[in-house]
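Student: Letter 57 of the sequence shown, counting from 1, is numbered 86 in this note's numbering, and no numbers are missing.
Every residue, glycine too, gets a C-beta built ideally from N, C-alpha and C.
Treat the numbers as computed from the prediction; the structure is a model and nothing was measured.
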Amino acid sequence: MRTFLYLTSALIVMGLAYWAYSENYRTQDSLAEVERLQREIGQMREELAVLRAEWAYLNRPDRLRDLVELNFDRLGLLPLTPEQFARVDQIAFPTEGGIDLSNSIDVIGEIAQ
Numbered sequence: 030m031r032t033f034l035y036l037t038s039a040l041i042v043m044g045l046a047y048w049a050y051s052e053n054y055r056t057q058d059s060l061a062e063v064e065r066l067q068r069e070i071g072q073m074r075e076e077l078a079v080l081r082a083e084w085a086y087l088n089r090p091d092r093l094r095d096l097v098e099l100n101f102d103r104l105g106l107l108p109l110t111p112e113q114f115a116r117v118d119q120i121a122f123p124t125e126g127g128i129d130l131s132n133s134i135d136v137i138g139e140i141a142q
């Protein structure tokens, strides 16, 4: 009986050791994945900062004004006039009742691809 108890205890210890090592490796893999993702996020933030800087550079008012002057005839642009804008009372806002959905139709079927 004592031998059986020793054997069972040894198997339990080996099983726990295997479990601990496997958890250790899974944890290390997870930490490596988190590091990789953080590096990738950092790189994308740098790229986004560069893109924002390029966007700000390309949308400088003086640059856009020069481009408009260069391409004025080809684009057919006209200067803005006050007549192109409307007053607030001329805007057609939706009615208070909203859209009537009482006569809606249910559509059942498959989408052909």
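Determine the direct distance from the alpha carbon of L93 to that of L109, and round the result to whole angstroms.
Tutor: One C-alpha to the other measures close to 16 Å.
Student: Specify, as a first and last residue, the run of the alpha helix (DSSP H) that L66 falls within.
Tutor: Its alpha helix (DSSP H) spans residues 31 to 87.
Student: Could you name the residues of the same chain whose beta carbon sits closer than 8 Å to that of A115, not counting the 5 residues immediately before and after it, in chain order?
Tutor: Nothing meets the Cβ criterion.
Student: Could you check where the alpha helix (DSSP H) with D95 kicks off and where it finishes?
Tutor: Residues 90 to 99.
Student: Three-state secondary structure (DSSP) at P111?
Tutor: Looking at P111 - three-state DSSP - the assignment turns out to be helix.
Student: Between the alpha carbons of E98 and V117, how many angstroms are there, rounded?
Tutor: Roughly 32 Å separates the two Cα atoms.
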